[in-house]
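Chemist: My questions all concern the structure below.
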Amino acid sequence: MAEAPPRPAVERPRSLVRAALPFVLSIALVALVLSRLDLRAFREHLARVSAPSFLAFAAVFVVSLCAADSLATVLVYRRSVAPIPFRDFFVLRGASYLPSLLNHHVGQAFITVALSRIHGVPLARVAGATLLVYASWMGSILGLACIAIVLADKPLVWLAVPLGAGLLYLALLAIRPARLASIRVLAPLFEAGVRGHLWALFARLPHLAVLFLGTWIPFWFFGVRIPAAAAFAFIPVLMVAVTLPITPQGFGTRDVLAATLLEPFAPFPTQEERLAAIAASTTAWGVAITLVEIVFALVLLRRFSRGSASSAAAETSY
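Residue numbers (our numbering): 18 to 335.
Spelled out as structure tokens, the structure:
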């Protein structure tokens with residue numbers, strides 16, 4: 018009997034292309050931004066900033082962000098998954114910064130799988146709790162959108178979009194459609210209900226504040242002074258864009274959006290100089306927080322690995 022011919026190995030090249038695409042896109046976007054600015058002014062803006070001060074600010078930001086995010090997130094997982102100590106989750110969240118370098122959602126998947134294995138909870142259940150974490154984050158962004166509309170003196174009818182989206186979701190939770198509520202991965206959302214979502218949203222506010230300030234303040238190092246009203250309108254766009262699975266760490270995506278939205282706030286005479294100041298800010302900030310996050314994540318990943326090994330040894334001893 019003749020053997021069937023081997024199938025062509027096409028999956029591996031496709032997966033390699035898919036994995037490389039975000040990096041290629043990131044390089045292309047950064048190259049596009051750099052092609053539009055004055056490179057001499059770009060270097061001058063970088064040279065004016067104190068590297069130690071900038072890196073110190075990045076370090077304080079990363080640790081503060083991890084702490085605020087851990088506090089908001091662990092409260093959700095405690096109600097839906099297990100009584101997780103804050104310290105343990107802080108270590109796990111910090112360790113997840115390493116896979117998050119690819120994109121934010123890879124880091125969230127790392128946390129979800131780790132919690133499922135550590136606490137012996139079904140993966141669907143933990144994934145549902147992670148969806149509740151996402152819901153609190155999106156609720157925060159919708160709230161910022163409402164503030165931006167009011168501060169920018171836009172027609173109040175514009176509030177219908179963010180408020181309508183939020184109220185529609187809360188109404189769905191209150192109605193609890195049987196088909197949706199019976200889906201295992203959605204169960205934590207309906208168990209939390211409207212009150213649980215509002216509570217999770219309130220707990221998310223310190224994290225939102227740290228992330229907002231950490232996206233806004235770096236521009237001031239480079240002389241790009243964004244007023245509060247404009248910051249509420251434009252900074253949330255950058256905050257969301259960085260988390261999208263488009264480019265690693267938002268490189269390129271952040272730069273293009275910042276150049277498009279924030280050029281009027283750079284107090285320099287020519288467009289090339291204004292774009293140079295903004296690009297210097299976004300590039301330096303992206304590099305700084307990436308370096309800090311790598312070191313921070315490696316330290317906490319080592320602690321997390323030791324803790325997991327100790328837990329496994331304790332379980333096998335019984």
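Beta carbons are placed, not taken as given, at the ideal position from N, Cα and C, and that holds for glycine.
1. Around the C-beta of Ala19, are 16 or more other C-beta atoms found within 10 angstroms, so that it is buried, or is it exposed?
2. From Ala152 to Phe74, what does the alpha carbon distance come to, in whole angstroms?
3. Counting pairs of Cβ atoms below 8 Å between the segment 258–276 and the segment 289–305, do you hit three or more?
4. Compute the Euclidean distance between the alpha carbons of Thr129 and Val79, then round it to the nearest angstrom.
5. Please report the distance separating the alpha-carbon of Ile10 from that of Thr264.
6. What is the DSSP secondary structure of Arg142, reduced to helix, strand or coil?
7. Can you list, in chain order, the residues of its chain whose CB lies under 6 Å from that of Val66, leaving out five sequence neighbours each side?
8. Write down the C-beta distance between Leu308 and Leu115 rounded to the nearest angstrom, noting that I regard them as a contact closer than 8 Å.
9. What number of angstroms, rounded off, separates the C-alpha of Phe127 from the C-alpha of Pro39?
10. Can the beta-carbon of Ala177 be found less than 8 Å from the beta-carbon of Pro253?
11. Following the continuous alpha helix (DSSP H) through Asp55, name the residue where it begins and the one where it ends.
12. By DSSP, does Asp170 sit in helix, in strand, or in coil?
13. Can you tell which of Val98, Ser87, Val93 and His122 has its C-alpha closest to the C-alpha of Asp105?
14. Below 8 Å, can you find three or more Cβ-Cβ pairs linking the segment 133–147 to the segment 185–199?
15. Which full runs of the alpha helix (DSSP H) of 4+ residues lie inside the segment 226–292, going along the chain?
16. Taking only runs that begin and end inside the segment 39–96, name each unbroken alpha helix (DSSP H) of 4 or more residues, in chain order.
17. Below 8 Å between beta carbons: does that hold for Gly111 and Ala204?
18. With a Cβ-Cβ cutoff of 8 Å, do Ala182 and Phe249 count as a contact?
19. Got a sec? Which residues, its chain only, sit under 6 Å from His224 by beta carbon, not counting five neighbours each side?
20. Pick helix, strand or coil for Arg193, following the three-state DSSP scheme.
21. At a cut of 8 Å, does the segment 240–247 reach the segment 204–217 through at least three beta carbon pairs?
22. Under 8 Å by Cβ, that's how I've got Arg221 and Ser157 pegged, so tell me the actual separation to the nearest angstrom.
23. Please name the residue, chosen from Ser113, Ala99 and Tyr94, that lies closest to Ser322 on a Cα-to-Cα basis.
24. Looking only at C-alpha atoms, which of Thr232, Pro262, Gln266 and Leu184 sits nearest to Phe251?
25. Would you give the residue range spanned by the alpha helix (DSSP H) that Ala126 belongs to?
26. Between which two residues does the alpha helix (DSSP H) carrying Ser117 extend?
27. Contact defined as beta carbons within less than 8 Å: I believe Arg53 pairs with Leu279. What is the distance between those atoms, to the nearest angstrom?
Modeler: According to the structure shown:
1. The predicted model places Ala19 with a pLDDT of 48, which falls under 50 and marks its position as unreliable; any figure quoted below should be read in that light. Result: exposed.
2. 29 Å
3. yes
4. 21 Å
5. Here the chain has residues from 18 to 335 only, and residue 10 is not among them.
6. helix
7. Phe238
8. 13 Å between Cβ atoms; not a contact.
9. 19 Å
10. no
11. That residue, Asp55, is in no alpha helix (DSSP H); it is neither H nor E in DSSP.
12. coil
13. Ser87
14. no
15. 245–260 and 270–279
16. 56–65
17. no
18. no
19. Ala85, Asp86 and Ala89
20. coil
21. no
22. 5 Å
23. Ser113
24. Thr232
25. His121 to His136
26. Tyr114 to Ser117
27. About 14 Å; that fails the 8 Å criterion.
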